[in-house]
Amino acid sequence: MPLETLKALQEKGFLENDKLVFNVQVKVVEAVDEGCLTGHEMFDVNGFQVLLPQVPLVSWIFVEHPDFAFNFKPKNQWLKTTYMNILLGLIGTLNKPLHSLTEAEVSNAESDLIDLTEAGFKLDWLKIKLEEVSLERKKGNAGGSQVGDLVEHINDLKVELNKEQATSAAKISSLEQTVSHLKDELHKKNATTL
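For the numbering used here, count along the sequence shown from 1 and bump the result up by 231.
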């Protein structure tokens, strides 16, 4: 394409980050079937059958990572749908808040990523995300472990302090009794000498 054409497309807002952007508007002249959608209907997105609520995410994947399924070649539609559901589940898991992820979920995510990669998906972007999640989770667990250790140490110190206070209180009480007893004896001696 000539450079002038590319510049014109970019100036008019049709070219962003070396990607052609366009809007399609559809005017409905006549609705043939006015049935309602239940959300359980399957839609084709680049050869993958997905549910209506999944269409935006699957479309986003193809826009952001257009070659991610280039080496994925199954002809069986059920198998393609199953793999896509595994991929969507993996993405959902990796987008969960770190504090709510369990060790089992991270382990399952690793297994799913291996299965998807072996099936032909190019998922370097998800591998990086999984490594980040695993690392952050380990940092969180290490931090949580250190906090737990500190809390345990503080509790041990409190128990030790309480024991020392009890021992000190007993010694003080004993000393007070001794002082009181000595005062009584001193008063008796002073009373008898007078």
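Quick reminder that beta carbons are idealized off the backbone N, C-alpha and C, glycines included.
Rounded C-alpha distance that separates residue i from residue j
i    : j    : result
L357 : I322 : 8 Å
S405 : K394 : 17 Å
F301 : T348 : 12 Å
H271 : N307 : 20 Å
F303 : V289 : 15 Å
E186 : L392 : Because the chain is modelled from 232 through 425, residue 186 falls outside the range shown and cannot be assessed.
G320 : L388 : 46 Å
W291 : Q285 : 10 Å
F299 : D275 : 17 Å
Among the options, nearest to residue i - alpha-carbon criterion
i    : options                : result
E341 : K327, A350, E362       : E362
K250 : Q280, F293, V276       : F293
G278 : H296, P305, L413, N386 : P305
K353 : K414, M315, S365       : M315
L332 : A422, E367, K238, H412 : E367
H330 : K369, H412, D387, T423 : K369
Own chain residues within Cβ distance below 6 Å of residue i, not counting five before or after
i    : result
T324 : E336, A340
L282 : none
V364 : L325
Cutoff 7 Å; reference residue i; Cβ partners in own chain excluding five residues on either side
i    : result
H296 : W356
Exposure label - residue i; buried when at least 16 CB within 10 Å
i    : result
D343 : buried
L381 : exposed
K311 : buried
Which residues DSSP lists as bridging residue i, in chain order
i    : result
E362 : Answer by DSSP bridge pairing: none, since E362 is not bridged.
K250 : E247
Cut-off 8 Å between Cβ atoms - residues of its own chain near residue i, not counting five sequence neighbours on either side
i    : result
G371 : L329, H330
K360 : L325
A350 : F303, P305, Y314
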